[in-house]
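Residue numbers (our numbering): 4 to 166.
Rendered as structure tokens:
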């Protein structure tokens, strides 16, 4: 074989290898494909209440509009993890709790006013999350510590869609 034929064969094999690895990375391959996250059907507006050690969903409203997603660049060590029956995470929504005093020493203390700004250790807020029919748990996390879990049936019931 001549050098040009060997070089051409090498390029062909390299291109074939790139094609195969690109197919595997796209998730279209049946073997080893990552599990698909179901598509959300609208979103929920949730009322979240509690404190630094225990958060709960106390009300929910189902909305037909799609969830707008996480604001670009927003990050928080507080989040709401939405999971299915197998424990797979359907979504992880960071929560903006920056308006609350969630320091350990503030827990149980009365709210204070600094000018026109009220600072409270009691959380009472609205948050929007995607609505998944397969969601079986909504778990609040501070860093990686669980600070509350609400089952999916309860959220559906609060939103008027459950029994």
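A virtual CB, placed ideally from N, CA and C, is assigned to each residue, including glycine.
For residue 61, the nearest candidate out of 149, 144 and 129 (CA to CA): 129
Residues sharing a beta bridge with residue 152, DSSP: 142
Beta-bridge pairing of residue 130 - partner residues as DSSP gives them: 49
Stretch pair the stretch 85-92 + the stretch 58-76: three plus CB contacts closer than 8 Å: no
Cα-Cα separation between residue 135 and residue 72, rounded to whole angstroms: 14 Å
Supposed close pair residue 141, residue 148 - CB separation, criterion 8 Å: No, residue 141 and residue 148 are not in contact; Cβ-Cβ is about 16 Å, not under 8 Å.
Reference residue 139, options 46, 155 and 126, closest by Cα: 155
Residue interval of the beta strand (DSSP E) (run including residue 86): 81-86
Secondary structure of residue 158, DSSP reduced to three states: helix
Residue 144 vs residue 79 beta-carbon contact at 7 Å: no
Nearest neighbour of residue 102, chosen from 86, 160, 81 and 87 [CA to CA]: 81
Beta-carbon spacing of residue 124, residue 56 below 7 Å: no
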